[in-house]
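Participant:
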Ligand code: GAL
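Numbering (my numbering), first residue to last: 61 to 869.
Rendered as structure tokens:
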């Protein structure tokens, strides 16, 4: 939901602003926080001395600064889901970062006098974890699940002006299967409104009738107070009012209105058109409240024999699963980082995201609405049965219902959300109790939202076929197990199957291993996986196997690849190898740099721009004369490969194997340095595009390129600068691994750095790091004053480089 946001800079000392703002004020409490790890018995009290604590800005992740440590959350366990039977020592399972323990955040709230007719709410978008919220020493609210949104009415606990807000967090060991982050990692909002007003999350917009000529927009509004006048207006994207209606009747505190939008522009990933609903509440003629809600007009339909359609058009999800961490930023939410991820995915042709395995941030959903991504919003990785000792099963019975209610209430107006998920690979797939739980959870979703179906990512496909678990779901989601799709589709009544999780292919950017063979759970001494994209897990498969199902089976409605980006923790296939602390599953690495696999997906998903990508790199000193296969990922059907001008033959995609169908492969190329060139042909056999890779000489100079050279001067916007090294002729050096130094001057600061190497133990927050496969990414953050930022990058034996980024208000 997009609400009126008044972002007041700095602390709440700026009372003047409050007085001048009418009806409703919403403030992000970003600044002026004191933080400390540890257990302090009296940290909630007003008199507690926090002067020695660290001053932090939130969103904040206390664990991302590190250091990495093998001993942190070391788990001696058998991951039964992965087919393990004997316990082994798992290091790095949750990222080897110090997230465990207690932490406190404190902040002074100097509010203006709150009138007796006013109400003050505090909303947390997620806090890791078990937040206990104290105001002036008194417990005012608590929530267990670290991923959920909740709000508290703090009006009664407020003192006239000086107030102390203190939040206690507690992360238990063995509470996660990935890096969860730690602290106030999402936003905290303060909302001041009249008591006669719209309930928080009290507006529900749906579009029950959508035709070419008109759409019926249904608005249900829950009000606090009676005898009020409610006016709802719809504005188009140019801010022109196109519909208005005054509520005629109320049912209890709720009104139900229908507004007509003529010739509606429909929301879709290709054309994410958004309307804005403005809801105004009057007491007599006095405006008491005003809320803006962004929404889209679109239809979704899941039908046996037809599959999924959006706005009447059948399509398949080209989706990726994402964990919530943002690599070197940890779990701390950041709009620039989220937007960059989506920009990278958009270019790949991706059109859908699954927030695995928990509630997404509000910012991510808003960006998906704007940029055009369909969204599968998930809730849990565990129900009543445990995967990890201190996981969500501890709270399931008491909290699951309220967690789902808040997930739906906070997010129901996002056009991007097309599906809910009540769980991922829950061990409750076994047994009759699990079937009951699946039904119970699905009914809660239905009660809260009649417009979207519910899925579960299932891995125990046979069990769910027998028990009725799979049959009762709105959407049967299969995680991997392409060999069971056919059987499941016959067994289940829905008439379609979703690949809720696919591939789990592993690779390290720019790392290639020989010989090139298809392999399960393959390990190497350097703890890297090969970027020939032929390695996967015992429970999973290669991307091409999914493509076959997607292309050949009309009843398969799409896929969500595990994962769009590498994430912290779960370093399979090196779960018990140290140092290895982040995943290898990503299509792009932890720094957001595309691996080769990116181009494999792009070659079929991006239908508007051609793809032609060659691999591996061509710097193999010592491998002269040895077999060095060459792959081409391309949207073209055939291509010819040349090495130093000599043709190595034409390859054309064919159906002799899944790999031959989706990749062009020259398996017997003998390496010699020089130029590798590919020429692609169109359907008529005419050469239409070419790509080449040249054997690079000695690293000579540093190259910098920023994703954005102008950012906002708001103290949190980021520019992501890709750093690479080239030889004297400008050829990229794909194996360069020098250590570099970063210095930021002017209107911003060095924020973080990441090279995408899952085995690196260098800090993300120190301004020095080694290149990995010739590249890394530096994050530069703006200050609050507009100006120029300069990033200088130096490295021994290399010509240094600098780049300018401007910041604007
Ligand atoms: C799935 C699971 C994911 C991740 C993945 C790795 O079974 O749902 O969370 O663990 O395997 O392949």
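Quick reminder that beta carbons are idealized off the backbone N, C-alpha and C, glycines included.
From a predicted model like this one, the values you see are computed outputs, not experimental measurements.
Below 8 Å on the Cβ atoms is my contact criterion, and I expect residue 642 with residue 627 to pass it. Report the Cβ-Cβ distance as a whole number of Å.
Facilitator: Right, the Cβ-Cβ distance comes to about 7 Å (below 8 Å), so this counts as a contact.
Participant: Starting from residue 506 and walking both ways along the alpha helix (DSSP H), at which residues does that stretch end?
Facilitator: Taken as a continuous stretch (DSSP letters only), the alpha helix (DSSP H) holding residue 506 covers 492 to 508.
Participant: What's the C-alpha gap between residue 580 and residue 573?
Facilitator: So the alpha carbons of these two residues sit roughly 14 Å apart.
Participant: Tell me whether residue 539, by its Cβ, gets closer than 7 Å to a heavy atom of the ligand GAL.
Facilitator: Yes, since a heavy atom of the ligand GAL falls inside the 7 Å radius drawn around the Cβ of residue 539.
Participant: What is the rounded straight-line gap between the Cα of residue 208 and the Cα of residue 683?
Facilitator: Whole-angstrom Cα-Cα distance: 53 Å.
Participant: Of the choices 569, 443, 450 and 473, whose alpha-carbon is the least far from that of residue 460?
Facilitator: Answer by Cα proximity: 443.
Participant: Let me know if residue 111 comes out buried or exposed under the rule of 16 or more other beta-carbons within 10 Å of its beta-carbon.
Facilitator: Exposed, by the Cβ-count rule.
Participant: Could you have a look at residue 426 and say whether DSSP puts it in helix, strand or coil?
Facilitator: It is helical.
Participant: With distance defined between alpha-carbon atoms, name the residue in 458, 453 and 482 nearest to residue 467.
Facilitator: Nearest of 458, 453 and 482 to residue 467, Cα basis: 482.
Participant: What residue from 176, 862, 356 and 568 has the CA that sits closest to residue 326's CA?
Facilitator: The candidate whose alpha carbon is nearest that of residue 326 is 356.
Participant: When the Cβ atoms of the region 362 to 369 are set against those of the region 313 to 325, are three or more pairs found closer than 8 Å?
Facilitator: The answer is no - the region 313 to 325 does not touch the region 362 to 369, with fewer than three Cβ pairs under 8 Å.
Participant: Would you call the region 278 to 286 and the region 248 to 262 touching, i.e. three or more CB-CB distances under 8 Å?
Facilitator: Flag = yes, the region 278 to 286 and the region 248 to 262 touch.
Participant: If you follow the beta strand (DSSP E) that residue 850 is part of, which residue opens it and which one closes it?
Facilitator: From DSSP, the beta strand (DSSP E) with residue 850 extends over 847 to 855.
Participant: Assuming residue 404 is part of the beta strand (DSSP E), what are its boundary residues?
Facilitator: From DSSP, residue 404 is part of no beta strand (DSSP E) but of the alpha helix (DSSP H) over 395 to 408.
Participant: May I ask which residues mark the beginning and end of the beta strand (DSSP E) holding residue 178?
Facilitator: Element bounds for residue 178: 178 to 184.
Participant: So who's on the other strand from residue 673, going by DSSP bridges?
Facilitator: BP columns for residue 673 point to 693.
Participant: Can the beta-carbon of residue 295 be found closer than 8 Å to that of residue 336?
Facilitator: For residue 295 and residue 336, yes; Cβs fall inside 8 Å.
Participant: Distance, Cα to Cα, residue 187 vs residue 737?
Facilitator: Cα to Cα, the separation comes out at about 51 Å.
Participant: Please classify residue 705 as buried or exposed, where buried requires at least 16 neighbouring CB atoms within 10 angstroms.
Facilitator: Exposed, since its Cβ has fewer than 16 Cβ neighbours within 10 Å.
Participant: Name the residue from 589, 405 and 771 whose alpha carbon lies nearest to the alpha carbon of residue 433.
Facilitator: Looking at the Cα atoms, 405 is the closest of the given residues.
Participant: Quick one: is residue 132 buried, meaning 16 or more other Cβ sit within 10 Å of its Cβ, or exposed?
Facilitator: Result: buried.
Participant: Suppose you measure from the CA of residue 586 to the CA of residue 819; what does that come to, to the nearest Å?
Facilitator: Near 9 Å, if we compare the C-alpha coordinates of residue 819 and residue 586.
Participant: For the ligand GAL, any of its heavy atoms closer than 7 Å to the Cβ of residue 443?
Facilitator: No, the Cβ of residue 443 stays beyond 7 Å of every heavy atom of the ligand GAL.
Participant: Please list, in chain order, all residues of the same chain as residue 123 whose beta carbon is under 6 Å from its beta carbon, the five residues on each side excluded.
Facilitator: Correct list, in chain order: 157, 158, 159 and 242.
Participant: The ligand GAL and residue 435: does any heavy atom of the ligand fall closer than 7 Å to the residue's C-beta?
Facilitator: No.
Participant: Compute the Euclidean distance between the alpha carbons of residue 831 and residue 761, then round it to the nearest angstrom.
Facilitator: So the alpha carbons of these two residues sit roughly 13 Å apart.
Participant: Quick one, are the C-beta atoms of residue 838 and residue 821 less than 8 Å apart?
Facilitator: Cβ distance not < 8 Å, so residue 838 and residue 821 don't count as in contact.
Participant: Can you tell me whether residue 127 is buried or exposed, with buried defined as 16 or more other CB within 10 angstroms of its CB?
Facilitator: Label assigned to residue 127: exposed.
Participant: State the CB to CB distance for the pair residue 866 and residue 770, rounded to an integer number of angstroms; the pair is presumed to be in contact (CB under 8 Å).
Facilitator: Their Cβ separation, rounded to whole angstroms, is 5 Å, which keeps residue 866 and residue 770 in contact under 8 Å.
Participant: Does DSSP put residue 529 in a helix, a strand or coil?
Facilitator: Residue 529 falls in the helix class under three-state DSSP.
Participant: Ends of the alpha helix (DSSP H) at residue 665?
Facilitator: Here the alpha helix (DSSP H) through residue 665 covers 656 to 665.
Participant: Residue 623 and residue 448 look like a contact to me (Cβ under 8 Å); what is the Cβ gap, rounded to whole Å?
Facilitator: That pair is no contact at about 19 Å.
Participant: Using CA atoms only, rank isn't needed, just tell me which of 87, 863, 177 and 162 is closest to residue 100.
Facilitator: The candidate whose alpha carbon is nearest that of residue 100 is 162.
Participant: State the beta-bridge partners of residue 270 as determined by DSSP.
Facilitator: Answer is 275, bridged to residue 270.
Participant: To the nearest angstrom, how far is the alpha carbon of residue 427 from that of residue 179?
Facilitator: So the two alpha carbons sit approximately 30 Å from each other.
Participant: Is any heavy atom in the ligand GAL found nearer than 7 Å to the beta carbon of residue 483?
Facilitator: Outside the cutoff, so no.
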